Amino acid sequence: MNIADWKIRERGRFLDMLRERNAETLLEIGSGPGRDGQFFQEQGLDVTCTDQSPEMVRLCREKGLKAEVRTFHELGFGDGSFDAVYGLNCLLHVPKRELKGALEEIRRVLKPGGLFYMGVYGGKDSEGVWENDTYEPKRFFAMYTDERLRQAVSDVFEVLYFETEYLGEGNPHFQSLVLKA
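Note that the UniProt record's numbering has the sequence shown beginning at 1, numbered continuously upward.
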């Protein structure tokens, strides 16, 4: 599976920010099979992956990654355990009423001043099963306008970076954020 150029660019920007801060530890949430976790590990970071799917955790472990079955609301690590958290295309599956709690849990496991990368699809304000989803069964998505997403994360984090990527007429756009604990 190819990774879109803009996702590679955003991941690289985040890595540059981590290097500037001499970050050593990174937690990837909603890691799926661990493609991004593997990238960060190859760049010298001590990576731990989490996913709610035991199958995805197994695939991460096959890649030599530390991985645990966890949810966004109960990450199960001590306060201030990580220099950084990376979450690509995962928090968009969290119901809006639960987002603040998930963000607070992410902040809890970050060291003071730690960075959180959040990449989600949005642009329109919507919540529910997305009928245009290419996966079966179709999945739940919570999408935000840029302004509403900025407001939602600002309750918990300082926004250092917020960029969008246009993905064509009729499609949601991609929202890329770097947040500071």
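For each residue, glycine too, the CB sits at the ideal point set by N, CA and C. Remember, it's a predicted structure, so these values are computed and weren't measured experimentally.
Rounded to whole angstroms, what is the Cα-Cα separation between HIS93 and ARG13? HIS93 and ARG13: Cα-Cα distance of roughly 24 Å.
Would GLU28 pass as a contact of VAL69 if the rule is Cβ separation under 9 Å? no
Can you say whether LEU18 is buried or exposed, counting buried as having 16 or more other CB atoms within 10 angstroms of its CB? buried
Given that a residue counts as buried once 16 or more other Cβ atoms are within 10 Å of its Cβ, and exposed if not, what is VAL178? buried
DSSP has LEU110 in a bridge; who is on the other side? LEU110 is bridged to PHE82.
Per DSSP, which residues does TYR117 bridge with? Please list them. TYR86 and VAL178
Reference GLU20, options LEU59, PRO137, GLY114 and ASP51, closest by Cα: GLY114
By the three-class DSSP mapping on this structure, what secondary structure does GLU20 have? Reduced to three states, the DSSP call for GLU20 is helix.
Could you check if PHE82 belongs to the surroundings of the ligand NAD, using beta carbon to heavy atom distance under 8 Å? Absence of the ligand NAD is noted for the structure shown, with no ligands found whatsoever.
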